[in-house]
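Participant: Quick one: this structure, given as structure tokens, is what I'll be asking you about.
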Amino acid sequence: MSTARVVVVDSGVDPQHPGLRGAHVVAGPRFDREGLAEEGAGAADDLGHGSAVAATIANFVDGVEIVSLRVFDREATCDFVAVLHALEHAIDIGAPLVNVSLGTTSLRYRSKLTEIAQSGRERGVRIVAPATYAGLPCDPGNLPEVEAVVADPNILPQMPEMRMHGGRLIWFASPLPPRDKSGGRKLLARGDSLAVASVTGCLLRSAQDADAKRL
9 MSTARVVVVD SGVDPQHPGL RGAHVVAGPR FDREGLAEEG AGAADDLGHG
59 SAVAATIANF VDGVEIVSLR VFDREATCDF VAVLHALEHA IDIGAPLVNV
109 SLGTTSLRYR SKLTEIAQSG RERGVRIVAP ATYAGLPCDP GNLPEVEAVV
159 ADPNILPQMP EMRMHGGRLI WFASPLPPRD KSGGRKLLAR GDSLAVASVT
209 GCLLRSAQDA DAKRL
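If you want it as structure tokens, here you go:
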């Protein structure tokens, strides 16, 4: 069975997080608005958000390989140009899925994000991102080329659903963290962030199951 591989664009991923036992964390670089800022900084997580996202993904697939690209430091905010650089790098890596549990309500980056998302689709890479932020549509999740996710507390954990909404198919997923090796309710993320991670994990699991059936 092939190894499941995903890129996580976030605050970094701590390989020692209890929810990542059995996962393999690859420390990618940190990005700022100028581009690649620091090699190997993806294995540090001062905020805890990226590790929580990664642990939620790992809960779906044993032995997942997580490539961590860092755009946040001690706060869940950054110049969005850093995210653009990270996404371009993520597409070049070629992993089938890129988890981006963040977004922007500004339209100034839409053209570039569309270009990145289309490039990813052409190369077999899908971006998973929240459809909204603070109740407003946000990019890249609002783009048709991206797997859009909405947090829905009525959805059972680890069982995301895809439904037609507003003229397009959107994922609905639980905003709650898993209750097992990840540390249960101690994960430092909630809501859309973990809903996006749940969809990423579900897609990885489905792809791995499909590969197993072809063997």
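Under the working numbering, the first residue of the sequence shown is numbered 9, with each subsequent residue one higher. Heads up, the beta-carbon is just placed ideally off N, CA and C, and yes, glycines get one too.
1) Please specify which runs of the beta strand (DSSP E), each continuous and at least 3 residues long, are wholly inside the stretch 24-108, giving them in chain order.
2) Which residues in the same chain as D200 place their Cβ atom closer than 6 Å to its Cβ, once the five residues preceding and following it in sequence are excluded?
3) Give the DSSP-derived three-state secondary structure of V204 in the structure shown.
4) State the Cα-Cα distance for the pair L144 and G48, rounded to the nearest angstrom.
5) Our contact map puts G20 next to G43 with C-beta atoms below 8 Å; I'd like the distance itself, whole angstroms only.
6) In terms of residues, what are the limits of the beta strand (DSSP E) holding E123?
7) So, is P183 buried or exposed, given that buried needs 16 or more other C-beta atoms within 10 angstroms?
8) Nearest to A215 by CA position, among P148, F68, V33, S114, is which residue?
9) Quick one: grab the DSSP three-state call for L212.
10) Which word fits M9, buried or exposed, when buried means at least 16 other C-beta atoms lie within 10 angstroms of its C-beta?
Facilitator: Taking the definition as stated:
1) 32-40, 43-46, 73-78, 105-107
2) Result list for D200: P138, A159, in chain order.
3) helix
4) 34 Å
5) Not quite, the Cβ-Cβ distance comes to about 17 Å (not below 8 Å), so this is no contact.
6) Element bounds for E123: not the beta strand (DSSP E) but the alpha helix (DSSP H), 118-130.
7) buried
8) Taking A215 as reference, the option from P148, F68, V33, S114 with the minimal CA-CA separation is F68.
9) helix
10) With a pLDDT of 43 at M9, under the threshold of 50, the modelled position of that residue is not reliable, and no figure is offered here.
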